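Novice: All letters in the sequence shown, in the order written, are residues 11 to 297 by the working numbering.
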Amino acid sequence: MTATDVLRQAQTPAKRRRRSVALLAGCTLTGLILLLALVSLVWLPYATDDTSGGRLTGPGDGHLLGTDKLGRDLFTQLMTGSRIAVEAGLGSVLIAALIGVTLGVLTAFAHGWLDDTLAAFLDILIAFPTLLLAMLVVAARSATLGSAVLAIGLAQSTVVARLMRILVKRVLAQDYVTAARTSGTSWPRIVAGHVLPNIWPTLVVNLALQFGLAVLAEAGLSYLGLGAPPPNASWGRMLQEAQATFMTAPAGALAPGVLLVLLVVGVNLIADGLRDTLDPTARGRRT
């Protein structure tokens, strides 16, 4: 055993503790915002279109964080925005997983010119701007949360599909898959028994990262008016509406901005912790 190996083993407990703290912090941040979103389903301090609070009032007088330029309660909008963010993240990831995993597994079995063509096609789809796709979806449907989620999910499905294609091809090249195929095992059984069990840890981590990206994308689309319409208070729409009054009433922009950052950071910490927990190979490379 070399001196480097001894030092690495000595550092392992400390690194594990840091990973545990990071994972706990991620779960705490994400859990608090999820709790806020769940509570908003059954209770809100005020109606989302209630403008009786007075324009740009500070905290107090029944308004925990004050009101916006229309007299709406900021905390109510934050609660509604948390629900929209979670719905957008989950919906987009679900669409991306259903389409991306299916497409990625199917394209992984291609060979020769068909393999090259499908790989190039996926690269072209990945390069297609999410904003332009969102505009096309909105033009075909309307500016709703569902349209934004559909556009984000379709855009992310290409990323998931390319990842799945690479992972599945890597597994299919293993000797145990060749042996299973030689023994007469059908492709569906090989996929269910050998491929999926070996790729799901990486898939879970990637989908967790895609959740955070979807939340950011929804906020960006809502900022541009392509997301949930009023009176739904998306964090992106709150940022857009508060920018004109930022110098006199900064809470209207800071509050949704801080929650957006906390949710994305929390999800990324969870993804990092899941990678270390589910993928021993990645954990070994990081130590």
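Where a beta carbon is used, it is the ideal one built from N, C-alpha and C, also for glycine.
Remember, it's a predicted structure, so these values are computed and weren't measured experimentally.
(1) Please confirm if the region 69-88 is in contact with the region 48-61, defined as three or more CB-CB distances below 8 Å between the two stretches.
(2) Gly-114 lies in the alpha helix (DSSP H); which residues open and close that run?
(3) As a quick exercise: from Ala-227, Glu-251, Trp-53, pick the residue whose alpha carbon is nearest that of Val-96.
(4) In the DSSP assignment, find the unbroken alpha helix (DSSP H) run with Asp-125 in it and report its ends.
(5) Taking the straight line between their C-alpha atoms, what separation do you get for Met-145 and Val-187?
(6) Apart from the five residues just before and just after Arg-295, which ones in its own chain have a Cβ nearer than 7 Å to its Cβ?
(7) Consult DSSP for Leu-17 and reduce its assignment to one of helix, strand or coil.
(8) How many angstroms separate the CA atom of Arg-293 from the CA atom of Ala-259?
(9) Given 8 Å as the limit, is there contact between the region 131-140 and the region 249-265, that is, 3 or more CB pairs closer than that?
(10) What residue range does the alpha helix (DSSP H) around Pro-266 cover?
(11) If I follow the unbroken alpha helix (DSSP H) through Val-215, where does it start and stop?
(12) Among residues of its own chain, excluding the 5 on either side of Gly-99, which ones have a beta-carbon nearer than 7 Å to its beta-carbon?
(13) By the three-class DSSP mapping on this structure, what secondary structure does Gly-63 have?
Specialist: Let's see:
(1) yes
(2) Along the sequence shown, one-based indexing puts residue 114 at 104. Where Gly-114 is concerned, the enclosing alpha helix (DSSP H) stretches over 84-118.
(3) Here residue 96 refers to the residue found at position 86 when the sequence shown is read from its first residue. That would be Ala-227, whose Cα lies nearest to the Cα of Val-96.
(4) As a working mapping, residue 125 is identified with position 115 in the sequence shown. Per DSSP, Asp-125 belongs to the alpha helix (DSSP H) from 122-137.
(5) As a first step, residue 145 must be located in the sequence shown, where it is residue number 135. As a first step, residue 187 must be located in the sequence shown, where it is residue number 177. Those two C-alpha atoms are separated by around 44 Å.
(6) On the sequence shown, residue 295 is found 285 positions in, with the first residue counted as 1. Residue placement at Arg-295 cannot be trusted, given a pLDDT of 42 that sits under 50; the coordinates are not used to answer.
(7) Position 7 of the sequence shown, counting from 1, holds the residue named residue 17. The pLDDT assigned to Leu-17 is 39, lower than 50, so where the model puts this residue is not dependable; a value taken from the coordinates is nonetheless given after this. Helix.
(8) Walking along the sequence shown from the start, residue 293 turns up at place 283. Walking along the sequence shown from the start, residue 259 turns up at place 249. Confidence at Arg-293 is low in this model, with a pLDDT of 47, below 50, so the placement of that residue should be treated as unreliable; the coordinate-derived value is given next. Their Cα atoms are separated by approximately 45 Å.
(9) no
(10) Indexing the sequence shown from 1 puts residue 266 at position 256. Counting along the chain, the alpha helix (DSSP H) containing Pro-266 begins and ends at 261-288.
(11) Looking up residue 215 in the sequence shown gives position 205. Looking at the DSSP string, the run of the alpha helix (DSSP H) that includes Val-215 is 206-233.
(12) Mapped onto the sequence shown, residue 99 falls at position 89. Excluding positions up to five away in sequence, the list reads Phe-221, Ala-224, Val-225.
(13) Taking the first residue of the sequence shown as position 1, residue 63 is located at position 53. DSSP places Gly-63 in coil when its eight states are reduced to three.
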